[in-house]
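Written below as structure tokens is the structure these notes are about.
2 protein chains.
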Amino acid sequence: MTTDDDILDATFAALCKHGYADLTMQSIADEFSKSKSLLHYHYDSKEDLIVTFMEHLLEGFLSEFEDDSDADPLDQLVRMAEIVVEGNEEGDEPDDVHMALLGLRAQAPYDEAIREQLVRNDRHIRDAIADIVREGIEQGQFREDVDPEQFAVVFRSAIEGAQSHDVILGDDAPTETALAGVKTLLLERLIVEGETLEGQTA
Amino acid sequence: MTTDDDILDATFAALCKHGYADLTMQSIADEFSKSKSLLHYHYDSKEDLIVTFMEHLLEGFLSEFEDDSDADPLDQLVRMAEIVVEGNEEGDEPDDVHMALLGLRAQAPYDEAIREQLVRNDRHIRDAIADIVREGIEQGQFREDVDPEQFAVVFRSAIEGAQSHDVILGDDAPTETALAGVKTLLLERLIVEGETLEGQTA
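Next comes the structure, spelled out in structure tokens:
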């Protein structure tokens, strides 16, 4: 791993352990295996580190879809919903990244650097969704009367809302129903004909 | 106002001013105009006060819909979306209640009393949405092939996700587009015929 990757891993580990409110450069340094002076050489403050960490999360997320431009548009939106709603954790545990994101989002009204990075992430993710919808319309898979930008906003709200509920409500979150409902929404709102998803009863 | 109302107002004022992490019984007492001993007589801890405050918010929210059982089911869902997404604030300012809710939701993974109350609120709100959908199906306004519980989960995720974005992203939140998209979703998913909403271009 590069030093940058090590620094971001240390930031994530410290964020999971302490939460953003109690995060300090020292708590990040405590998770960092290399020389502490490297950390201070690369980054001035915990805000710098967190903003870079959030950029890194976004790039990782978007690369799942950009690398896959041959994929079926419907399959891409279903995969995005699965990643955003359920995350990468096995079983019922909320995803650590989702826990960290919830904490950072709650800080946004009080921390301009975090808010601005969330605004950039929001625009990129909405653009990615709208691009997939436009591609689906061009291919004739999606209905022509769907507004890609408007659909992107609602789809994103629905999957991020379900992600938040998964983290906030824990075992009592209706996560499977949310994901099934989002798939139904995609089929009903977007698909030209009576196409169905694999493994989904129509 | 009753003493209970005064206590809840003081709790809300202190929560807005300090956030949950820095909230103390003393900071609530500072916002309370009556004898401080009344506060301690009625409530043991800030958790007690916050849970009661959240119950109170839920009752106020649900009473908007329960008192209005003669209303048109589509209009009820539109009104719910408007209240949840935009709140009661004039102009572009995020609603204070929504700001407070975001902070409380972020605490849920670390605070069992708050999580349990959010789980109760979640169930009541989902039940209220599903009841409206069932009523719409019975009246013949909504399609019979809609699953009321599944629709309730997705609708709630979409409107709460949009609310969170409104608070988190501030002026850069796509709140109007989110609300227009939710209305389109209601028309496309629920309505039997080509009915349109007042003021909405089809």
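First to last, the protein sequences are chains A and B.
Just so you know, we're using the numbering used here here: the first sequence kicks off at 1 and counts up by one.
Just so you know, we're using the numbering used here here: the second sequence kicks off at 203 and counts up by one.
For glycine and all other residues, C-beta sits at the position ideal for the given N, C-alpha and C.
- Among the residues facing chain A, B:M301 is included, as its CB has a counterpart in that chain under 9 angstroms away.
- For A:F142, the nearest beta carbon of chain B is not closer than 9 angstroms to its own beta carbon.
- Per the C-alpha coordinates, the member of A:D72, A:F65 and A:Y20 positioned closest to A:A128 is A:F65.
- Taking all protein chains shown into account, A:Q139 has fewer than 16 neighbouring C-beta atoms within 10 Å of its C-beta and is therefore exposed.
- Among the residues of the segment 153-170 of chain A, those with a Cβ less than 8 angstroms away from any Cβ of chain B are V153, V154, R156, S157, A158, I159, E160, G161, A162, S164, H165, V167, I168, L169 and G170, in the order of the chain.
- Non-local beta-carbon contacts of B:K219 in its own chain, meaning distances under 8 angstroms to residues more than five positions away in sequence, involve S229 and E233 in chain order.
- Contact between A:H124 and A:L57 fails: their C-beta atoms lie close to 11 angstroms from each other, not under 8 angstroms.
- In this structure, B:D368 keeps its C-beta atom at 9 angstroms or more from the C-beta atom of B:T379.
- Using a Cβ distance threshold of 9 angstroms, A:I114 and A:M54 count as a contacting pair.
- Within the segment 15-98 of chain A, complete beta strand (DSSP E) segments of at least 3 residues are not found at all.
- Of all residues in the segment 103-119 of chain A, only G103, R105, A106, A108, P109, R115, L118 and V119 come within less than 7 angstroms of chain B when Cβ atoms are compared, listed by chain position.
- Non-local beta-carbon contacts of B:E346 in its own chain, meaning distances under 7 angstroms to residues more than five positions away in sequence, involve I339 in chain order.
- Contact with chain B is found for A:L185, since one of that chain's Cβ atoms lies less than 9 angstroms from the residue's Cβ.
- Contacts between A:F151 and chain B, judged by CB atoms closer than 8 angstroms, involve G383 in chain order.
- A distance below 7 angstroms between beta-carbons, with the five flanking residues on each side excluded, links B:D274 to no residue of its chain.
- Using a CB distance below 7 angstroms, no part of the segment 273-284 of chain B faces chain A.
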